[in-house]
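To start, the structure itself, in structure tokens.
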Amino acid sequence: MDFVDQKKIIREDFLLKREKLKKSFTSENKKKLISNLDKFLNNAKYLSIAGYYTIGSEIDCLEILEIFQKKGIHTALPFVKDDKFIEFREWRKQDILIEGVFNIPTPKKRSVVIPDLIIIPLVSFDKMGFRLGFGSGIYDRSLPNFPKSKKIGLAFSGQLNKRGLPVSEFDYKLDAVVTEKDIFVF
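Quick note on numbering: this note's numbering labels position 33 of the sequence shown as 33, and the sequence is numbered without any gaps.
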């Protein structure tokens with residue numbers, strides 16, 4: 001089985017798993033995840049934090065970005081440029097979003113932000129810090145453009161692939177993954 005097929009099978013398996021995990025994710029689990037995120041941030045002075053527009057069974061990142069907004073932190077969402085790369089545009093809760101690539105809502109004309117911290121969606125992750133996304137490669141192509149930004153994933157604890165993920169030279173390693181049970185720092 002080749003590399004692409006391996007990833008496809010793992011992706012399908014963990015997407016189903018994530019659906020089940022989302023259904024059983026309680027408000028107590030959410031509080032624990034947010035508490036772990038606070039512990040990870042450890043009072044760091046991030047001026048800007050980018051997240052993602054939550055789709056399907058992903059951890060709700062918009063709610064977390066709203067918490068940061070209340071603390072006076074600038075927030076941003078991804079805008080896919082030329083169908084290949086992500087730039088982050090300022091986002092506020094009241095902003096009207098437009099349909100972007102893959103039909104994911106995205107900020108309209110807002111200022112481009114170089115975030116101090118980027119929160120990244122994922123389907124699965126491993127103990128080495130690699131993530132499995134939806135397979136488009138947009139994050140892996142874009143993250144090297146943000147060398148000074150800390151990059152973390154948000155996940156349900158059950159999204160950890162204990163066997164490890166197949167990786168190539170194009171896969172981008174995260175700095176950390178935060179779940180409701182653990183903080184993985186790589």
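C-beta: ideal position from N, C-alpha, C; glycine also.
From the DSSP output, which residues share a beta bridge with residue i?
i    : result
G153 : I120 and V177
F88  : P78 and V113
A50  : A76 and I118
T106 : I98
L160 : F125
Candidates the options: which alpha carbon is nearest residue i's?
i    : options                   : result
S124 : G164, Y52 and E63         : G164
E87  : I64, A44 and V113         : V113
T54  : G153, L160 and F170       : G153
T75  : F156, D126, M1 and D116   : D116
S157 : M1, K70, K148 and F14     : F14
S27  : F186, V185, F184 and E180 : E180
K150 : R92, S35 and Y172         : Y172
F79  : D95, E58 and P105         : P105
R89  : R110, M1 and K148         : R110
Under the three-state reduction of DSSP, which class applies to residue i: helix, strand or coil?
i    : result
S136 : coil
R18  : helix
V167 : coil
P147 : coil
I98  : strand
F125 : strand
F3   : helix
I55  : coil
F184 : strand
F40  : helix
F130 : strand
Tell me which same chain residues have a C-beta within less than 8 Å of the C-beta of residue i, skipping the five on either side of it?
i    : result
I191 : Past the edges of the chain, shown from 1 to 186, lies residue 191, and the structure says nothing about it.
F85  : I138, R141, S142 and N145
C61  : G51, Y52, Y53, T54, I119, P121 and L154
Could you pull out every residue in the same chain whose Cβ sits closer than 6 Å to the Cβ of residue i, ignoring the five residues on either side in sequence?
i    : result
D126 : N161, G164 and L165
V167 : F130
L37  : V178
Under 7 Å Cβ to Cβ from residue i, same chain only, skipping five residues before and after it: list those, please.
i   : result
E66 : K93
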